[in-house]
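Protein sequence lines correspond, in order, to chains A and B.
Taking our numbering, I'd label the letters of the first sequence as residues 31 to 301.
Taking our numbering, I'd label the letters of the second sequence as residues 55 to 326.
Every residue gets a Cβ at the ideal spot worked out from N, C-alpha and C, and that includes glycine.
First the structure, in the form of structure tokens, and then the observations on it.
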Amino acid sequence: MTGIWPGLTQCTVNLGFDIDAQSNWIGRNPAFRDRPVVMTAADYGPKVGVPRILNLMDEYRLKASFFIPGFTAEQYPDLVREIIARGHEVAGHGYMHLRPAELTLEEEIEDLDRGLEALEKAAGQKITGYRVPGGDASNRTMSLLAERGIVYDSSLMDDDAPYMIETDNGNIVQLPFHWLLDDFPYFAYVPAADMRGPGCSPASVARTWIAEFDGLYTEGRCMILVMHPQVTGHSGHIAALETTIKHMLTKPNVAITTAADIAEQWLGKNG
Amino acid sequence: MAGLWKDGVQCVVNIGFDVDGVSSWLGRDGDFANRPVATTMAEYGPKVGLPRILALLDEYNIKGSFFVPGHTAENHPDIIPDLLDRGHEIAHHGYVHERPAALDEGEERRALETGLEILERQSGARVPGYRSPSWDISPRTLDLLVEYGFTYDSSLMDDDAPYVHDVNGSRLAELPVQWHLDDFPFWGYAPVAGVRGPLSSPEAVTHTWISEFDTLYREGRCYILTLHPQVSGHPSRLSSLEHTIQHIISYPNVAFMRCDEIAQYWLEQGYS
Numbered sequence: 031m032t033g034i035w036p037g038l039t040q041c042t043v044n045l046g047f048d049i050d051a052q053s054n055w056i057g058r059n060p061a062f063r064d065r066p067v068v069m070t071a072a073d074y075g076p077k078v079g080v081p082r083i084l085n086l087m088d089e090y091r092l093k094a095s096f097f098i099p100g101f102t103a104e105q106y107p108d109l110v111r112e113i114i115a116r117g118h119e120v121a122g123h124g125y126m127h128l129r130p131a132e133l134t135l136e137e138e139i140e141d142l143d144r145g146l147e148a149l150e151k152a153a154g155q156k157i158t159g160y161r162v163p164g165g166d167a168s169n170r171t172m173s174l175l176a177e178r179g180i181v182y183d184s185s186l187m188d189d190d191a192p193y194m195i196e197t198d199n200g201n202i203v204q205l206p207f208h209w210l211l212d213d214f215p216y217f218a219y220v221p222a223a224d225m226r227g228p229g230c231s232p233a234s235v236a237r238t239w240i241a242e243f244d245g246l247y248t249e250g251r252c253m254i255l256v257m258h259p260q261v262t263g264h265s266g267h268i269a270a271l272e273t274t275i276k277h278m279l280t281k282p283n284v285a286i287t288t289a290a291d292i293a294e295q296w297l298g299k300n301g
Numbered sequence: 055m056a057g058l059w060k061d062g063v064q065c066v067v068n069i070g071f072d073v074d075g076v077s078s079w080l081g082r083d084g085d086f087a088n089r090p091v092a093t094t095m096a097e098y099g100p101k102v103g104l105p106r107i108l109a110l111l112d113e114y115n116i117k118g119s120f121f122v123p124g125h126t127a128e129n130h131p132d133i134i135p136d137l138l139d140r141g142h143e144i145a146h147h148g149y150v151h152e153r154p155a156a157l158d159e160g161e162e163r164r165a166l167e168t169g170l171e172i173l174e175r176q177s178g179a180r181v182p183g184y185r186s187p188s189w190d191i192s193p194r195t196l197d198l199l200v201e202y203g204f205t206y207d208s209s210l211m212d213d214d215a216p217y218v219h220d221v222n223g224s225r226l227a228e229l230p231v232q233w234h235l236d237d238f239p240f241w242g243y244a245p246v247a248g249v250r251g252p253l254s255s256p257e258a259v260t261h262t263w264i265s266e267f268d269t270l271y272r273e274g275r276c277y278i279l280t281l282h283p284q285v286s287g288h289p290s291r292l293s294s295l296e297h298t299i300q301h302i303i304s305y306p307n308v309a310f311m312r313c314d315e316i317a318q319y320w321l322e323q324g325y326s
């Protein structure tokens, strides 16, 4: 299994951050608006986590992808512009982080369009990348995204390299990931939402991510890390990411780059 | 407790895989067909995980047992011929991964018959083994297994060496299993199904599996690992299996056997 990347590149890696902030909780249940502890735990993401992550990216000279719900973009337009100004990618992630599989077609279209519109307004640019909120796409989602000119989506889980999805509205590249490459299952703890994760140590999470990287690197595949500033942005949790980055940088021919760039590189070689 | 095995074998090991694909999710709830993240996560098993696992088993020259729901075999008709070519065993694991304890007798018979028909058509041979989906047999399952000509079941948990069920005078071998020798409790994660495993580190799981082996080896028992390509087929998890295999083969007198071989041996010895 060799040769899906151009040039000498052996393996591609995307560091992706879903800046859900409050939207993930309000989207689950609007009553969370009245739970300040939940709301502030969420706002830690854009307020403290994103700046810390941006500094880490600068330190290692890496470009990342930030998947931003429209609601977050409306609340933090300056942050969206700051992310772009520092050379990172901004991509779509719904409006209120609603799960498409739980919506009617009309509701899904409304959340999708409203989210893209709000993010494009804050970003001042067309959005061409997407990650479905909640890891719960509908059977219509890929077609709706293609219809809106989205070049790639990163939500499905049946591979660890990009592949093409044909829809009745044209093609869309899929950049698959897996829950084991998401920070939420290891670290998230929100008792008000009945979410009590195992509270893993950063070292144990880094070991999982590094072991996964080693296998994908050997096979020349693609590693999509899905993190959340309200989770990984904490000073302890971010060590899992930094340890993983340090390990990846010891290997030759690893391209740690934006999801858009990975889609483009893959299309250039395989499209 | 000496001498369960012949030819100086101290401990028998089986590496088994339940190739559930989407069947385990559709079997829980047909609505998962409308959750493409869940179904693609499951399809990673037959599509990406299984080839990676087969390469690993070939590398260590280990023959394993593959429990294949009929639904997976229908959707991936190349799997069973490939497994047989490589010397692995094919065994029954329901049709759409139905848990027998949740079925009435007619439904349980249909799941058994449909799965058998598909596996025997694709493999061209009798299928001697059964592992119940979700390890949840009904009070009538063992009777039905004898009626349908199975040699062994691998679903119960009250020992760590084989034993024999007396089913109305017929002998059915049991190859017992344990949840801590299954990958799913450590790594299964599917929030839409309410499954939120701890996502243990590969090292932690390797420690558990190796500790269990060390005691079973000392006592001369039987070590049966139950893995899922959609879970253990990811590189980090496969490293746990590989490290466990490397540990096991560092000991003398270990025999890797397929479940059908273990059951046949046990029944031929006349053991109870």
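Can you grab the Cα-Cα spacing for the pair residue i / residue j, in whole Å?
i                      : j                      : result
residue 108 of chain B : residue 166 of chain A : 30 angstroms
residue 250 of chain B : residue 188 of chain A : 19 angstroms
residue 251 of chain A : residue 170 of chain B : 37 angstroms
residue 41 of chain A  : residue 300 of chain A : 15 angstroms
residue 31 of chain A  : residue 192 of chain A : In this predicted model, residue 31 of chain A has a pLDDT of only 45, less than 50, meaning its place in the structure is not dependable enough to derive any value.
residue 86 of chain A  : residue 158 of chain A : 25 angstroms
residue 55 of chain B  : residue 258 of chain B : For residue 55 of chain B, the predicted structure reports a pLDDT of 45, less than 50, and the residue's modelled location is therefore unreliable. A value from the coordinates is still provided. Near 30 angstroms, if we compare the C-alpha coordinates of residue 258 of chain B and residue 55 of chain B.
residue 224 of chain B : residue 105 of chain B : 38 angstroms
residue 297 of chain A : residue 253 of chain A : 17 angstroms
residue 259 of chain A : residue 317 of chain B : 53 angstroms
residue 62 of chain B  : residue 289 of chain B : 35 angstroms
residue 274 of chain B : residue 234 of chain A : 33 angstroms
residue 292 of chain B : residue 156 of chain A : 40 angstroms
residue 121 of chain A : residue 168 of chain A : 19 angstroms
residue 214 of chain B : residue 305 of chain B : 19 angstroms
residue 124 of chain B : residue 204 of chain B : 16 angstroms
Closest to residue i by C-alpha separation, out of the options, would be which residue?
i                      : options                    : result
residue 148 of chain A : A:185, A:227, A:126        : A:126
residue 128 of chain A : A:164, A:170, A:192, A:111 : A:164
residue 181 of chain B : B:200, B:192, B:233        : B:200
residue 44 of chain A  : A:56, A:118, A:72          : A:118
residue 232 of chain A : A:267, A:249, A:211, A:205 : A:267
residue 214 of chain A : A:160, A:256, A:146, A:190 : A:256
residue 29 of chain A  : B:95, B:71, B:72           : Lying before the first or after the last residue shown, residue 29 of chain A is absent from chain A, which here runs from 31 to 301.
residue 264 of chain A : A:172, A:73, A:100, A:122  : A:73
Report yes or no: is there a C-beta of chain A within less than 8 angstroms of the C-beta of residue i?
i                      : result
residue 288 of chain B : yes
residue 243 of chain B : yes
residue 74 of chain B  : no
residue 113 of chain B : no
residue 129 of chain B : no
residue 89 of chain B  : yes
residue 259 of chain B : no
residue 32 of chain B  : Only positions 55 to 326 of chain B appear in the structure, and residue 32 of chain B is not among them; the question remains open.
residue 97 of chain B  : yes
residue 265 of chain B : no
residue 108 of chain B : no
residue 55 of chain B  : Unreliable positioning characterises residue 55 of chain B in this predicted model, as indicated by a pLDDT of 45, which lies under 50. The coordinate reading is nonetheless provided below. Taking Cβ atoms only, chain A never reaches closer than 8 angstroms to residue 55 of chain B, which makes this a no.
residue 256 of chain B : yes
residue 292 of chain B : yes
residue 101 of chain B : yes
Inspect the beta-carbon positions of residue i and residue j and report whether they are closer than 8 angstroms.
i                      : j                      : result
residue 211 of chain B : residue 230 of chain B : yes
residue 65 of chain B  : residue 281 of chain B : no
residue 68 of chain B  : residue 313 of chain B : yes
residue 261 of chain A : residue 207 of chain A : no
residue 228 of chain B : residue 206 of chain B : yes
residue 154 of chain B : residue 190 of chain B : yes
residue 108 of chain A : residue 75 of chain A  : no
residue 199 of chain A : residue 177 of chain A : yes
residue 119 of chain B : residue 142 of chain B : yes
residue 174 of chain A : residue 142 of chain A : yes
residue 198 of chain B : residue 162 of chain B : yes
Say whether chain B places a C-beta atom closer than 8 angstroms to the C-beta of residue i.
i                      : result
residue 186 of chain A : yes
residue 169 of chain A : yes
residue 146 of chain A : no
residue 198 of chain A : no
residue 131 of chain A : yes
residue 208 of chain A : yes
Does the beta carbon of residue i fall short of 7 angstroms from some heavy atom of the ligand COA?
i                      : result
residue 308 of chain B : Of the ligands one can find in the structure shown there are none, so the ligand COA has no counterpart to examine.
- Query: Can you find at least 3 beta carbon pairs, one from the stretch 271-280 of chain A and one from the stretch 81-95 of chain A, that sit closer than 8 angstroms?
  - Reply: yes
- Message: Could you check whether the stretch 232-242 of chain A touches the stretch 81-98 of chain B, counting it as contact only if at least three pairs of C-beta atoms, one from each stretch, sit closer than 8 angstroms?
- Response: no
- Should the stretch 253-264 of chain B be regarded as contacting the stretch 298-315 of chain B, the criterion being three or more beta carbon pairs within less than 8 angstroms? yes
- Tell me, please, whether the stretch 101-117 of chain A touches the stretch 68-84 of chain A by the rule of three or more beta-carbon pairs shorter than 8 angstroms. yes
- Task: Evaluate the contact criterion for the stretch 124-136 of chain B versus the stretch 73-85 of chain B: three or more CB pairs, one atom per stretch, below 8 angstroms.
- Result: yes
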